[in-house]
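If you read the sequences in order, they're chains R and G.
Quick note, the first sequence lines up with residues 1 to 340 if you use the UniProt record's numbering.
Quick note, the second sequence lines up with residues 1 to 340 if you use the UniProt record's numbering.
Number of protein chains: 2
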Amino acid sequence: MKVTIKDVAELAKVHKSTVSRVLNNSNDVKEKTKQKVLQAIDTLGYSPNFAARSLASGKSHIIGFVVSEQQISDVVMNPSFPTILKGITTYAEELGYNILMITSVDNDYKSYEQVIRKHAVDGFIILGSTIQIDLNELLIQQGIPYIFIGKHHESADESYVGTDNIEGGYIAAKHLIDLGHTDIRLMVGQVRSQKILSHNIDRITGFKKAFAEAGLSFRDDYIVKTPTDMETGYHFMRTYFTSHEPSAVILSNEVMAMSCINYLSDERPDLLERMSIVTFGDSDFFRHLRPPLTTVSQHFEWIGRTAVEMLASQIAEDDMSTKAVVRKPDLVIRSSSKRK
Amino acid sequence: MKVTIKDVAELAKVHKSTVSRVLNNSNDVKEKTKQKVLQAIDTLGYSPNFAARSLASGKSHIIGFVVSEQQISDVVMNPSFPTILKGITTYAEELGYNILMITSVDNDYKSYEQVIRKHAVDGFIILGSTIQIDLNELLIQQGIPYIFIGKHHESADESYVGTDNIEGGYIAAKHLIDLGHTDIRLMVGQVRSQKILSHNIDRITGFKKAFAEAGLSFRDDYIVKTPTDMETGYHFMRTYFTSHEPSAVILSNEVMAMSCINYLSDERPDLLERMSIVTFGDSDFFRHLRPPLTTVSQHFEWIGRTAVEMLASQIAEDDMSTKAVVRKPDLVIRSSSKRK
DNA sequence: TTGTACGCGTTATCAG
DNA sequence: CTGATAACGCGTACAA
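See the structure below:
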């Protein structure tokens, strides 16, 4: 039934080890016997067994993809998730890796820890903040490399691939300032701990920088902490826009953008009409929304690909060093931002 | 560095095999030695090695999740994808399985075939049509169980978990008929081969049934074949609604719904206002769109969970039999469908 | 260049 | 109830 390396060896009249050599492109194998072996492999339809290979080589050629958000839905439901996933899986497969999904980190992260401990994967790509799930020490102890994408601890010494959020906050604000706006709000999510995550802190920095450059004075209430789910976000928008009417707002993610647009179009079409809106997110997604939103567009597919690339090289070279790679976002201008 | 079963055995002063027994809950082990072993495992922080276990047991406890659409983006970008993925991963992890993603099936399905051949997973859940990718024979030959979700070959004898689309087409049409509509269109996607996929054929069947029941006559042009991507779909809508003004339309998926809504709100707000719209999809998703769409809502999370459940039991019992499970969809009524 | 022999960490089959 | 021993399928020094 199942054909092993032994069968191939017998058919090709060589020893198992020779078969193993051609399998691994070992240079020292005569062309003629190589052909014999290849021939045998072909007629038998042989494929090396995964478990046996992993055991012998100590590598599984699997990358774990951890989705670790307070609410997993927040991440998975996020429109950028598919883009990242696609970037990761397709590039991983190009490099001969497969992707193991690890998602139910919200209940208990037993599954994640198990995957680490039993050495089922060669490395991890971790999406989302890990404020409450800190298994990094374990990873280091076990010698398993890992890379964060999307968010990361501001201070920690971790490998990271992401977007230059200072630049993002800057170009968003500068764009609006150039259009004549001065009364601009930056709406950012807040985590349960009331803390603002590092990527938003960076955006605020960039935001302030644009104000300073333009000689405008910054006010603390330009930064608005906003709920990150659709439901409460919607109600928050109602409360906020009842007492405030800024001439422009910047939303820090897709969910907020939807909440804002929905509320305004439901109850304040006048405000929606005259207020300028800029959002952080994925330009492809917002392209199909109405109104079309000016977007600080992150390179999600690039992030996925880059993370895989870095991780694969770290795995190959047993390299546990850390490095951070960020890329500047693009500003995609659409009709939601207009001259004041 | 790495602690193995041998270390545990030595510390507990028993033989490896005894350790293995407590690991696998073999009943035949004295309580006292069991405690000793457990103790040793704990102090050493031991976890059984994944590869070794797979090799010896012949099971990897990994389920392959294959996303096989003509255009992978169509599926992954589909708003229901995260819901299905969540259903699958969380339930799989409950059962002690991990999920291996296999997505780049659009270029070449080498990766998929490799995963099959090297026996990296115990079974497959396959999302989307497999009209051009037919590795089922190989799966059967290798004795690997698999289950389709979402779509499947109409005739083939395959395990399948999905939605009762006849019922779906029926309730959509009946709802509109009850509201007084008679001039109703059902817009369905067509594949490259010009063929309509089985799930849409079923919906058409249900659609006709509702017409028949109401004593209304059905016309062939009530069924409208529509492009399935956002871009060409949008242009199609323009062409179509320039020459047709039905009083109600039923859209067969999220992308079409977006195309339709976008076009109408851009250029035909009058028509959007008076035409009734019903869509197939995920009610959670459409809840946040404007206008809120009446939705034939599929139970995507249930589909994921059920598929995992079925597959896990087939794996455990070496059961290669096939069975189909379908569930009736719900009709979630929102403001887009109105009395004529 | 190719064959031999052993090890990878578990599970499973037998005895005892 | 527990210990010894043989697979599981492959990689790899070490010989030849």
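Note that beta-carbon positions come from the ideal geometry of N, C-alpha and C, so glycine has one too.
Tell me, to the nearest whole angstrom, how far the beta carbon of proline 82 of chain R is from that of phenylalanine 81 of chain G; I am working on the premise that it is less than 8 angstroms. Here residue 82 of chain R refers to the residue found at position 82 when the first sequence is read from its first residue. Here residue 81 of chain G refers to the residue found at position 81 when the second sequence is read from its first residue. Contact between proline 82 of chain R and phenylalanine 81 of chain G holds, since their C-beta atoms are separated by about 6 angstroms, short of 8 angstroms.
Spell out whether any CB of chain R is found under 8 angstroms from the CB atom of proline 82 of chain G. Taking the second sequence and counting its residues from 1, one reaches residue 82 of chain G at position 82. Yes, because at least one Cβ of chain R sits closer than 8 angstroms to the Cβ of proline 82 of chain G.
Based on the DSSP secondary-structure assignment, which residues constitute the bridge partners of serine 276 of chain R? Numbered from its first residue, the first sequence carries residue 276 of chain R at position 276. For serine 276 of chain R, which the question treats as bridged, DSSP gives the partners R:Ala248.
Exposed or buried, what is glutamate 254 of chain G when buried is set at 16 or more other beta-carbons lying within 10 Å of its beta-carbon? On the second sequence, position 254 is the one that residue 254 of chain G refers to. In the assembly as shown, glutamate 254 of chain G is a buried residue. Its beta-carbon has 16 or more other beta-carbons within 10 Å.
Endpoints, beta strand (DSSP E) assigned at alanine 109 of chain R: Numbered from its first residue, the first sequence carries residue 109 of chain R at position 109. Position check: residue 109 of chain R holds tyrosine in this sequence, whereas alanine was assumed. Element bounds for tyrosine 109 of chain R: n/a, residue is neither H nor E.
Going by the DSSP bridge assignment, what does isoleucine 125 of chain R pair with across the sheet? The residue given as residue 125 of chain R occupies position 125 in the first sequence. Answer by DSSP bridge pairing, in chain order: R:Phe65, R:Ile147.
In chain G, what lies closer than 7 angstroms to histidine 119 of chain R by C-beta? Taking the first sequence and counting its residues from 1, the one referred to as residue 119 of chain R is at position 119. Using a Cβ-Cβ cut-off of 7 angstroms, histidine 119 of chain R is close to Asn49, Phe50 of chain G, given in chain order.
Residue(s) in a DSSP beta bridge with serine 297 of chain R: Here residue 297 of chain R is taken as the residue at index 297 of the first sequence, counted from 1. In the DSSP assignment, serine 297 of chain R forms a beta bridge with R:Gly281, R:Asp330.
Looking at chain R, is there any beta carbon in it that lies within less than 8 angstroms of the beta carbon of glutamine 71 of chain G? Start at 1 with the first residue of the second sequence, and residue 71 of chain G comes out as number 71. Unreliable positioning characterises glutamine 71 of chain G in this predicted model, as indicated by a pLDDT of 45, which lies under 50. The coordinate reading is nonetheless provided below. Not a single C-beta of chain R is nearer than 8 angstroms to the C-beta of glutamine 71 of chain G.
Cβ of threonine 163 of chain R within 8 angstroms of any chain G Cβ: For the purposes of this step, residue 163 of chain R is taken as the residue at position 163 of the first sequence. Between threonine 163 of chain R and chain G, the shortest Cβ-Cβ separation is not below 8 angstroms.
Short check: CB of threonine 103 of chain G to CB of valine 161 of chain G, under 8 angstroms? Numbered from 1 along the second sequence, position 103 holds the residue referred to as residue 103 of chain G. Numbered from 1 along the second sequence, position 161 holds the residue referred to as residue 161 of chain G. Between threonine 103 of chain G and valine 161 of chain G, the C-beta gap is not smaller than 8 angstroms, which leaves the two residues out of contact.
Answer with buried or exposed for glycine 233 of chain R, where buried requires no fewer than 16 other C-beta atoms within 10 angstroms of its C-beta. Counting from one through the first sequence, the residue named residue 233 of chain R turns up at place 233. Residue burial annotation: glycine 233 of chain R is buried, with at least 16 other C-beta atoms found within 10 angstroms of its C-beta.
What residues are listed by DSSP as bridge partners for valine 188 of chain R? One-based indexing of the first sequence puts residue 188 of chain R at position 188. Note: valine 188 of chain R is bridge-paired with R:Lys225 in the DSSP secondary-structure output.
Taking CB distances under 8 angstroms as the criterion, tell me whether glycine 150 of chain G reaches chain R. Taking the first residue of the second sequence as position 1, residue 150 of chain G is located at position 150. Judged by the 8 angstroms Cβ criterion, glycine 150 of chain G is not in contact with chain R.
At 7 angstroms on the CB atoms, spell out the chain R contacts of histidine 288 of chain G, in chain order. Residue 288 of chain G sits at position 288 when you count from the first residue of the second sequence. Per Cβ cutoff of 7 angstroms: Met230, Met258, Asn262.
Within 8 angstroms, do at least three Cβ pairs link the segment 159–176 of chain G to the segment 86–97 of chain G? Output reads no: the segment 159–176 of chain G does not touch the segment 86–97 of chain G.
Kindly confirm or deny that the segment 243–257 of chain R and the segment 180–187 of chain R touch, where touching means at least three C-beta pairs closer than 8 angstroms. Segments in contact, yes.
Using the three-state DSSP reduction, which class does glycine 169 of chain R fall into: helix, strand or coil? Taking the first residue of the first sequence as position 1, residue 169 of chain R is located at position 169. Three-state DSSP puts glycine 169 of chain R in a helix.
Cut-off 8 angstroms between Cβ atoms - residues of its own chain near glycine 45 of chain R, not counting five sequence neighbours on either side: Counted from its first residue, the first sequence places residue 45 of chain R at position 45. Here the set comprises Val3.
Locate the beta strand (DSSP E) running through leucine 100 of chain R, then write down its first and last residues. Taking the first sequence and counting its residues from 1, one reaches residue 100 of chain R at position 100. Unbroken beta strand (DSSP E) run through leucine 100 of chain R: 98–102.
Contact the segment 267–284 of chain R vs the segment 295–310 of chain R: 3+ CB pairs below 8 angstroms: Result yes; three or more Cβ-Cβ pairs closer than 8 angstroms.
Rounded to whole angstroms, how far is the Cβ of valine 121 of chain R from the Cβ of serine 60 of chain R, which I believe are closer than 8 angstroms? In the first sequence, the residue the question calls residue 121 of chain R occupies position 121. In the first sequence, the residue the question calls residue 60 of chain R occupies position 60. Contact between valine 121 of chain R and serine 60 of chain R holds, since their C-beta atoms are separated by about 6 angstroms, short of 8 angstroms.
Euclidean distance between Cα positions of glutamate 31 of chain G and leucine 38 of chain G: Residue mapping note: residue 31 of chain G aligns to position 31 of the second sequence, counting from 1. Residue mapping note: residue 38 of chain G aligns to position 38 of the second sequence, counting from 1. Using only the alpha carbons, I get a separation of about 10 angstroms.
Output needed for threonine 306 of chain R: all residues of its chain with C-beta closer than 7 angstroms, excluding positions within five of it in sequence on either side, in chain order. Indexing the first sequence from 1 puts residue 306 of chain R at position 306. Once the five neighbours on either side are set aside, the close Cβ partners of threonine 306 of chain R are Val161, Val325.
So what does DSSP say about threonine 83 of chain G, is it helix, strand or coil? On the second sequence, position 83 is the one that residue 83 of chain G refers to. In this structure, threonine 83 of chain G counts as helix in the three-state DSSP scheme.
Compile a chain-ordered list of the residues in the segment 267–293 of chain G whose CB is closer than 7 angstroms to at least one CB of chain R. Those would be His288, Arg290, in chain order.
Please tell me whether serine 60 of chain R has its Cβ less than 8 angstroms away from any Cβ of chain G. Residue 60 of chain R sits at position 60 when you count from the first residue of the first sequence. By this cut-off, serine 60 of chain R is an interface position.
What does asparagine 136 of chain R reach in chain G if we use C-beta pairs closer than 8 angstroms? Indexing the first sequence from 1 puts residue 136 of chain R at position 136. Under a criterion of Cβ atoms nearer than 8 angstroms, no residue of chain G is adjacent to asparagine 136 of chain R; the nearest Cβ is some 16 angstroms distant.
Report the three-state DSSP secondary structure of glycine 215 of chain G (helix, strand or coil). Locating residue 215 of chain G in the second sequence gives position 215, where the first residue counts as 1. In the three-state scheme derived from DSSP, where H, G and I count as helix and E and B as strand, glycine 215 of chain G is classed as coil.
If we define contact as Cβ-Cβ less than 8 angstroms, is isoleucine 131 of chain R a contact residue for chain G? Along the first sequence, read from residue 1 onward, the residue named residue 131 of chain R stands at position 131. Caution is warranted here: a pLDDT of 48 is assigned to isoleucine 131 of chain R, below 50, making its placement in the model unreliable, and no coordinate value can be reported.
Apply the 10 Å Cβ neighbour rule to serine 17 of chain G and answer buried if 16 or more other Cβ atoms are within range, or exposed otherwise. If you number the second sequence from 1, residue 17 of chain G lands on position 17. Counting other Cβ atoms within 10 Å of its Cβ, serine 17 of chain G stays below 16 and is therefore classed as exposed.
From the DSSP output, read off the bridge partner residues of alanine 316 of chain G. Residue 316 of chain G sits at position 316 when you count from the first residue of the second sequence. Partner(s): none; alanine 316 of chain G has no beta bridge.
Starting from the Cα of arginine 117 of chain G, find the closest Cα among R:Glu273, R:Phe50, R:Tyr112 and give me that residue. By 1-based counting over the second sequence, the position of residue 117 of chain G is 117. Out of R:Glu273, R:Phe50, R:Tyr112, the CA that lies nearest to the CA of arginine 117 of chain G is found in R:Phe50.
Where does the unbroken alpha helix (DSSP H) through arginine 234 of chain G begin, and where does it stop? On the second sequence, residue 234 of chain G is found 234 positions in, with the first residue counted as 1. Contrary to the premise, residue 234 of chain G reads as tyrosine rather than arginine in this sequence. Where tyrosine 234 of chain G is concerned, the enclosing alpha helix (DSSP H) stretches over 230–243.
In whole angstroms, give me the CA-to-CA distance for valine 332 of chain R and threonine 43 of chain G. As a working mapping, residue 332 of chain R is identified with position 332 in the first sequence. As a working mapping, residue 43 of chain G is identified with position 43 in the second sequence. Rounded to whole angstroms, the separation of the alpha carbons of threonine 43 of chain G and valine 332 of chain R is 56 angstroms.
Between the Cα of arginine 334 of chain G and those of G:Leu271, G:Val296, G:Ile99, G:Lys34, spot the shortest distance and give me the residue it belongs to. Numbered from its first residue, the second sequence carries residue 334 of chain G at position 334. Cα-wise, what sits closest to arginine 334 of chain G is G:Val296.
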